Amino acid sequence: MDIDINDQDVQLERDQLEKDLLDVRKLSSEVESDPYSHQAYIDLINKFKSMGPFMTEELQNARSSMAEKVLLSQDEWIQWLSDTNLPEEVRLEIYRKAVSMSPTPKMWSEYASFLISKYNEDNNSSNYSRDKISRVLEKGYNVVKYDIPESNIVWDQYRDFIATDLEIPQKRDATISKIKEMYLQRLAIPHKCLSDTFSDFSSFITTYDNNNYEKELVSANKIYQNTLKALELRTRWEQSLYEARSLDNYASYIYWEITLPKKHQEPHLVGALYERTILDYPYVPEVWDDYLFYTTEKLYTDNLLSNIIDRSLLANPFSGVLWAHKLRYLTGKIVNEEICDLKQTFDNISVFKEPEKYNDWKSFMTEWVTHFTKKFGPVLNDPNDSSLFEKVLEGCEDAIERIMRDGKDDANFDLEVMISNFFTKIQYDNFVWEKLKKTRGNYSEYWIQWASCVNKSEGYEKSKVRLIFEEAINRKNLDWPEKVFEEYVLFERNYGTCHSVQKALAKTRILSKLLQHRRQQTQASKEGYIQSEKVDSVEIISHKRAHEDIDDVVLDQSNYKSEDSETKSKKSSHQNTRDRENNTIVVSGFSKATTEKDLQKFFNECGEIISINIGENNVGILEFADHISALSALTKDMKKIKGHEISVRSGEATTLYVTNFPPEFNESDIQQLFEQYGQILSIRFPSLKFNTHRRFCYVQFSSGENARKASETLNGEQIGELTMQVLISDPSKKTSRKGALYEDREVFIKGLDFNSVDEKELRSILRKYGTIDRIRLPLNRTNEKQGRLHDGYGFVVFGSSLEAEAVIKSLNGTKLGSRTIYVSLASDKNTGPKKLSKVVFDNGFEKEDNNYDRNDILARTLSISNLSDTVNDSQLRVIFEKYGPLKQILLRPDLNSAKVEYVNVADAGKAELALQGHLISGQPITINAPNVQNAKSAVSGLGHLSFIPRAAMRNKRL
27 MDIDINDQDV
37 QLERDQLEKD
47 LLDVRKLSSE
57 VESDPYSHQA
67 YIDLINKFKS
77 MGPFMTEELQ
87 NARSSMAEKV
97 LLSQDEWIQW
107 LSDTNLPEEV
117 RLEIYRKAVS
127 MSPTPKMWSE
137 YASFLISKYN
147 EDNNSSNYSR
157 DKISRVLEKG
167 YNVVKYDIPE
177 SNIVWDQYRD
187 FIATDLEIPQ
197 KRDATISKIK
207 EMYLQRLAIP
217 HKCLSDTFSD
227 FSSFITTYDN
237 NNYEKELVSA
247 NKIYQNTLKA
257 LELRTRWEQS
267 LYEARSLDNY
277 ASYIYWEITL
287 PKKHQEPHLV
297 GALYERTILD
307 YPYVPEVWDD
317 YLFYTTEKLY
327 TDNLLSNIID
337 RSLLANPFSG
347 VLWAHKLRYL
357 TGKIVNEEIC
367 DLKQTFDNIS
377 VFKEPEKYND
387 WKSFMTEWVT
397 HFTKKFGPVL
407 NDPNDSSLFE
417 KVLEGCEDAI
427 ERIMRDGKDD
437 ANFDLEVMIS
447 NFFTKIQYDN
457 FVWEKLKKTR
467 GNYSEYWIQW
477 ASCVNKSEGY
487 EKSKVRLIFE
497 EAINRKNLDW
507 PEKVFEEYVL
517 FERNYGTCHS
527 VQKALAKTRI
537 LSKLLQHRRQ
547 QTQASKEGYI
557 QSEKVDSVEI
567 ISHKRAHEDI
577 DDVVLDQSNY
587 KSEDSETKSK
597 KSSHQNTRDR
607 ENNTIVVSGF
617 SKATTEKDLQ
627 KFFNECGEII
637 SINIGENNVG
647 ILEFADHISA
657 LSALTKDMKK
667 IKGHEISVRS
677 GEATTLYVTN
687 FPPEFNESDI
697 QQLFEQYGQI
707 LSIRFPSLKF
717 NTHRRFCYVQ
727 FSSGENARKA
737 SETLNGEQIG
747 ELTMQVLISD
757 PSKKTSRKGA
767 LYEDREVFIK
777 GLDFNSVDEK
787 ELRSILRKYG
797 TIDRIRLPLN
807 RTNEKQGRLH
817 DGYGFVVFGS
827 SLEAEAVIKS
837 LNGTKLGSRT
847 IYVSLASDKN
857 TGPKKLSKVV
867 FDNGFEKEDN
877 NYDRNDILAR
887 TLSISNLSDT
897 VNDSQLRVIF
907 EKYGPLKQIL
917 LRPDLNSAKV
927 EYVNVADAGK
937 AELALQGHLI
947 SGQPITINAP
957 NVQNAKSAVS
967 GLGHLSFIPR
977 AAMRNKRL
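The working numbering numbers the first residue of the sequence shown as 27 and each following residue consecutively.
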């Protein structure tokens, strides 16, 4: 049977059309659900373009809708204008919009080329008359003339078009004068082709006014030389942008411009710099924010400010700060209906309802309430305002609910004050403050602002303010009670009687003492920060992957009970501000009968003492809470304790920071290495509770001279393959961590669609916010087997923190594909404790199959307790490996415990007998051998134990 090829083609076309229309419906739906999604519009437009000429109308409608909702880039305007079959009137209108919303030299040059071509086609057309085109070209040149590297392209078109009148005799003289003036104005503005402009002017004068050449050139040269100096000042900044148009380079350039001496400042150059910045970084709200404030102060025109605001909101519709600019602009015109419409638009953007967008929402609402607070009082002057008044009242009440829900951590009360002022004016009493007391009552600023609002209100007795302060000072958990005490006393001094002032002073004095006592108690009981549990990576000793022959489920924790409150350290915690090296004194010369209590009593008047240690040869080390106290203690030098004259010296520069020594080194090894340089007062290893990989120690000598000698000799000393570092300890030189994470350049994105969003698509969406250094999308084995692209989250590193912040502000809470994504700064995965160190040793012991004997593993595993938290796994290995080859060590410094598995059961038995009660770092260890008979019960009960992380328990063995 013959097949009709034409019928087949028709059917294929129909099938393709149906598919295309389904795609259009889907993409249109995405645009409707998120009308501010730049990518959704791009996808829809590309679809219409692929469907050919019969979708021209739909394509233009989509482009028009996109231009109303999002900021089109310069290239997107040019692509739109390249569409075929555009009516001439429509194309002309698009050009007008383009130069308004993307006022760049390139865009104005495109517009100028279009107009000039139309004029050349028909110079009698009223739409393209010479005068109209001249005015447009002049306007375009004036808009871009301060763009140093690019403005010449528009200048050349403007000058050349005007110069065509030189060929008309009756216009020649006027045109020569006009072009001469244009050149002189151009020479006064720094631009890349300044020398060429001066040369062109010279040629022009030679051709058209040679009789006055010398006079004209002398005058022009003065202008040129001044401008050349200004240009040379900016050359290095322009070069930096030429090499890398990074946000940091733009910011540095702008900062340099605005901090120049006033005689060298040119605000229009700064404005042009801002325009160049937003051309490259349109999605950074902070840039627009700065630009708007600068324009308001230095470049203000109503049209310019309005234009910048509109562009900023198209680029960053999820920035409450920029919506606040729009609101302030409208309030200046007192157009209440437009203000209400603007709030309706703002409220319809669902992103602002997210808790993460609270600060953006508050920026807008503060301006909105501020405007209407000024308008309304207790009596409506205009009956027509009743409807508007109800809207404002409703908006304020809704705002209070939002503050209570999402603003618990907000210590700024500017919006609350404005709402309070409004409610007070309309005689709503203290509605705002009473309602917020539950969620904001722990902020001192809350009480101070409440008292201030009431104090300023008409018709309120001062006793009401006094009651507010009295309630505040008696409230527990205030963040800054001293500030409230101060404001209370100040209020009484201004408005109270002698008796009320005395009463306020007495109350605050007693409360201050109680507060100080409570803080001292809290400080004394604090041990440090409680951090979340994390597990170290397994360290493989050999190059090949060692078998993990100790099954996680066998290592029970029956001997590792949590510390109760009585066993926790009660040492004073000065973790945040502790400066042991500079706050320590060394005391010598006292008798052997002198105790720590004697030293405590003797030095107590100098200040708070953190610790006292008496070592060999009657030498004591006292650490004070601050440097002033330590200096005060030095005045005790040559005084007597129990009849013995003592020596008191500063502990500064007596302590060495030692690192990069072999991991198996213990206190005895360090002592042996350093004792030849003088008397050692103490050797301190760090606790490994929060990081089992720490390897450094502090060695304190009796004098700074001995410490210096040891540092000069041993710093850089080679021990095996390690180069030891020995430096005088100086906490003031501690540097911040570096890297993307610590420089706030890395963002964490969760909620990614793991079926459709891959790295390529994510990169295409994010690159408009700045330079992307790298993208990491983790993919675990389970998701990989299911064919997913990643685990639904990822990490992206940007070139600067401003770029990272721009991504967060723009994309957090927005839709990407079918899912809502949440974007935040990546957190430091290393700040939590690494409580477990697991080391697997390769001793040639291979497991024959998976059916190994659990009882055998229990029999060759030792549980060690009462282990110092300064002992690392390498030190344990040296001690325990003497009795036989080891399989693995699991170390838990936070529980003062460890597990050691031997290859052979007999070796475990030998080690238990030999090391029971053995001193390690000054503490006798306890070894508990598991009861093999109870292996099964140990396994079955593991689900309730915490020694092995639950995630590790779930991993199936290979």
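Built from N, CA and C at the ideal position, the CB exists for glycine as well. Keep in mind the model is a prediction, meaning the values are calculated, not measured.
{"query": "Can you tell me whether glutamate 301 sits near the ligand GTP, meaning its C-beta is under 6 Å from at least one heavy atom of the ligand?", "result": "Questions concerning the ligand GTP fall outside what the structure shown contains, since it holds no ligand whatsoever."}
{"query": "In the DSSP assignment, what residue or residues form a beta bridge with cysteine 723?", "result": "Val684"}
{"query": "When the Cα of phenylalanine 224 is compared with those of Arg212, Ser614 and Lys144, which residue comes out closest?", "result": "Arg212"}
{"query": "Are serine 826 and leucine 267 close, meaning C-beta to C-beta below 7 Å?", "result": "no"}
{"query": "Tell me whether leucine 767 sits in a helix, a strand or coil according to DSSP, three-state version.", "result": "coil"}
{"query": "Would you call leucine 917 buried or exposed, if buried means 16 or more other Cβ atoms sit within 10 Å of its Cβ?", "result": "buried"}
{"query": "If you draw a straight line from the C-alpha of aspartate 440 to the C-alpha of leucine 792, how long is it?", "result": "34 Å"}
{"query": "Short of 8 Å in beta carbon distance, which residues of its chain neighbour asparagine 468, apart from the five on each side in sequence? Order them along the chain.", "result": "Arg501, Asn503, Leu504 and Asp505"}
{"query": "Quick one: is arginine 89 buried, meaning 16 or more other Cβ sit within 10 Å of its Cβ, or exposed?", "result": "buried"}
{"query": "What is the DSSP secondary structure of alanine 924, reduced to helix, strand or coil?", "result": "strand"}
{"query": "Comparing C-alpha positions only, which one of Thr399, Asp756 and Asp435 sits nearest to leucine 419?", "result": "Thr399"}
{"query": "What's the C-alpha gap between valine 347 and valine 313?", "result": "11 Å"}
{"query": "Please give the ranges of any alpha helix (DSSP H) in the stretch 590-666, keeping only runs that are unbroken, at least 4 residues long and fully inside the region.", "result": "622-629 and 653-659"}
{"query": "Between the stretch 194-207 and the stretch 165-180, can you find at least three pairs of beta-carbon atoms closer than 8 Å?", "result": "no"}
{"query": "Can you tell me whether valine 116 is buried or exposed, with buried defined as 16 or more other CB within 10 angstroms of its CB?", "result": "exposed"}
{"query": "Out of Asp306, Arg903, Leu921 and Phe727, state which residue places its alpha-carbon closest to the alpha-carbon of isoleucine 915.", "result": "Arg903"}
{"query": "Short of 6 Å in beta carbon distance, which residues of its chain neighbour lysine 662, apart from the five on each side in sequence? Order them along the chain.", "result": "Val674"}
{"query": "Just the Cα atoms here: how many angstroms apart are isoleucine 159 and arginine 802?", "result": "52 Å"}
{"query": "Smallest Cα separation from isoleucine 445: which of Asp435, Val480, Ser470 and Lys434?", "result": "Val480"}
{"query": "Could you give the distance in angstroms between the alpha-carbon of lysine 605 and the alpha-carbon of isoleucine 636?", "result": "In the sequence as presented, lysine is not what sits at residue 605; that position holds aspartate. Straight-line Cα distance between these residues: approximately 11 Å."}
{"query": "Is the stretch 287-298 touching the stretch 315-331, taking contact as three or more C-beta pairs under 8 Å?", "result": "yes"}
{"query": "By the three-class DSSP mapping on this structure, what secondary structure does leucine 504 have?", "result": "coil"}
{"query": "When you compare only the Cα positions, how much space is there between glutamine 86 and lysine 75?", "result": "10 Å"}
{"query": "Is the beta carbon of threonine 680 sitting closer than 7 Å to the one on glutamine 751?", "result": "no"}
{"query": "Using three-state DSSP, classify asparagine 717 as helix, strand or coil.", "result": "strand"}
{"query": "So which of Gly730, Cys723 and Lys735 has the shortest CA-CA distance to glutamine 702?", "result": "Lys735"}
{"query": "Here's a check: name, in chain order, each residue in its chain whose Cβ is nearer than 7 Å to the Cβ of tryptophan 106, leaving out the five neighbours to either side.", "result": "Arg89 and Ile120"}
{"query": "Take histidine 653 as the anchor and find which of Pro757, Thr465 and Glu164 has the nearest alpha-carbon.", "result": "Pro757"}
{"query": "Tell me which same chain residues have a C-beta within less than 6 Å of the C-beta of methionine 92, skipping the five on either side of it?", "result": "Tyr67"}
{"query": "Does the distance from the CB of leucine 893 to the CB of alanine 937 come in under 7 Å?", "result": "no"}
{"query": "If you run the structure through DSSP and keep just helix, strand and coil, what is phenylalanine 439?", "result": "coil"}
{"query": "Quick check: glycine 910 and aspartate 882, are their CB atoms within less than 7 Å of each other?", "result": "no"}
{"query": "Is the separation between the beta-carbon of leucine 888 and that of isoleucine 953 shorter than 7 Å?", "result": "yes"}
{"query": "Cα separation between aspartate 235 and tyrosine 167?", "result": "25 Å"}
{"query": "Thinking just about the alpha-carbon of each residue, which of Gly421, Glu393 and Leu815 is nearest to the one in glutamate 26?", "result": "An answer regarding residue 26 cannot be provided, because it is not within the stretch 27 to 984 covered by the chain."}
{"query": "DSSP has valine 395 in a bridge; who is on the other side?", "result": "None, per the DSSP bridge assignment."}
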